[in-house]
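> The structure that follows is given in the form of structure tokens.
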Amino acid sequence: MPAICDHIQADRIFVQPRNPFTRVCKIMRWRRTESIPWPEIPGQLVDEWFKEPQWELEDPLWRAGMNLERSIFVEDLQQAADQGLLNLDFETCYMFHTAFIHGHAHWQPFPWPPSQLDPSAADRQFYGSVQPAVFDGSKIWSAEVRDLVEKCLIRIAPVMKAYGATAPTL
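Residue numbers (UniProt numbering): 1 to 170.
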């Protein structure tokens with residue numbers, strides 16, 4: 001996790017593999033320094049499997065992942081809220097970041113680069129999220145960073161799928 005944060009210049013990251021059929025997930029996280037706050041998401045446990053609450057009711061970004069939408073790169077919270085991409089209250093009350101990536105690990109992955117043909121769409125599931133973030137204002141996520149994140153998600157999705165399959169029944 002530190003390597004990806006160093007490369008994309010993020011301060012915190014969490015990786016959340018999940019089993020989409022049982023909604024059991026686990027949150028693993030890293031931060032650059034002790035001064036970077038951990039998220040305080042309702043219902044979360046850290047480094048333990050737990051039954052995820054219905055976050056999609058309050059968090060449009062989680063809902064986007066569940067609806068099999070592509071990853072979302074948030075450069076400015078207020079601007080993204082004005083565009084209807086996120087719930088500003090949720091992000092400021094629980095997450096504390098100022099810009100972040102809501103990376104969606106789907107399997108089968110989306111074609112990259114994006115194309116009109118997507119033969120695996122009917123079998124796709126949301127196997128988790130990867131969320132690097134910063135805390136010092138807005139951040140422009142360059143085309144290089146966006147490309148790197150999408151390529152990493154394609155590689156990590158089968159790992160998250162396999163790990164999610166080991167989740168206990170809760």
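Ideal placement from N, C-alpha and C gives every residue a C-beta, glycine not left out.
It should be emphasised that the depicted structure is a prediction, and the values quoted were computed from it without experimental measurement.
Trp55 to Ala165, Cα distance in whole Å?
Counting from one through the sequence shown, the residue named residue 55 turns up at place 55. Counting from one through the sequence shown, the residue named residue 165 turns up at place 165. Whole-angstrom Cα-Cα distance: 21 angstroms.
> At the level of alpha carbons, what is the spacing between Lys51 and His102?
As a position in the sequence shown, residue 51 is number 51, starting the count at 1. As a position in the sequence shown, residue 102 is number 102, starting the count at 1. Rounded to the nearest angstrom, the two C-alpha atoms are 20 angstroms apart.
> Considering only residues of the same chain and omitting the five flanking positions on each side of Asp59, which have a CB-CB separation below 8 angstroms?
Reading the sequence shown from its first residue, position 59 is the one you call residue 59. So the qualifying residues of the chain are Leu86, Asn87, Phe90.
> Leaving out five residues on either side along the sequence, give the residues of the same chain with a beta carbon under 7 angstroms from the beta carbon of Ala157.
The residue given as residue 157 occupies position 157 in the sequence shown. Correct list, in chain order: Ala105, His106, Trp107, Pro109, Tyr127.
> Between which residues of its own chain and Met160 is the CB-CB distance below 6 angstroms, once the five residues before and five after are set aside?
For the purposes of this step, residue 160 is identified with residue 160 of the sequence shown, where counting begins at 1. If we look at Met160 and ignore the five residues flanking it on each side, its Cβ neighbours are Pro17, Ala105, Tyr127, Gly128.
> Within the region 37-125, note down every full beta strand (DSSP E) run reaching 3 residues or more, in order along the chain.
The qualifying runs are 72-74, 99-107.
> According to the Cβ coordinates, are Ala81 and Val134 closer than 8 angstroms?
Taking the sequence shown and counting its residues from 1, the one referred to as residue 81 is at position 81. Taking the sequence shown and counting its residues from 1, the one referred to as residue 134 is at position 134. Not closer than 8 angstroms, so no.
> How far does the alpha helix (DSSP H) with Pro17 in it extend, from its first residue to its last?
Counted from its first residue, the sequence shown places residue 17 at position 17. Run containing Pro17: none in the alpha helix (DSSP H); it sits in the beta strand (DSSP E), 12-19.
> Closer than 8 angstroms is the cut-off here; do at least three beta carbon pairs connect the region 143-154 with the region 30-49?
Output reads no: the region 30-49 does not touch the region 143-154.
> Under the rule that 16 or more other beta-carbon atoms within 10 Å means buried, what is Val149, buried or exposed?
For the purposes of this step, residue 149 is taken as residue 149 along the sequence shown, with counting starting at 1. Buried, since its Cβ has 16 or more Cβ neighbours within 10 Å.
> Buried or exposed for Val46, going by 16 or more other Cβ atoms inside 10 Å?
Within the sequence shown, residue 46 is the residue found at index 46, counting from 1. Val46 comes out exposed.
> With a threshold of 8 angstroms between beta-carbons, can Val145 be considered close to chain C, or not?
Protein chain content of the structure displayed is limited to a single chain, and chain C is not contained in it.
> Could you say which of Pro42, Ile154, Met1, His7 lies nearest to Cys93 if we only look at CA atoms?
Here the question's residue 93 lines up with position 93 in the sequence shown. Closest option to Cys93, Cα to Cα, is Pro42.
> What separation, rounded to the nearest whole angstrom, lies between the Cα atoms of Pro37 and Asp123?
Position 37 of the sequence shown, counted from the start, is the residue given in the question as residue 37. Position 123 of the sequence shown, counted from the start, is the residue given in the question as residue 123. Rounded to whole angstroms, Pro37 to Asp123 spans 37 angstroms at the Cα level.
> If I measure Cβ to Cβ from Gly137 and keep anything under 6 angstroms in the same chain, skipping five residues before and after, which residues do I get?
In the sequence shown, counting from the first residue as 1, residue 137 sits at position 137. Excluding positions up to five away in sequence, the list reads Thr98.
> Just to confirm, are Cys5 and Pro111 a CB contact at a threshold of 8 angstroms?
In the sequence shown, residue 5 corresponds to position 5, counting from 1. In the sequence shown, residue 111 corresponds to position 111, counting from 1. For Cys5 and Pro111, no; Cβs fall outside 8 angstroms.
> Report the rounded CA-to-CA distance for Gln79 versus Phe96, giving the unit in angstroms.
For the purposes of this step, residue 79 is identified with residue 79 of the sequence shown, where counting begins at 1. For the purposes of this step, residue 96 is identified with residue 96 of the sequence shown, where counting begins at 1. Answer to the nearest angstrom: the Cα atoms are 16 angstroms apart.
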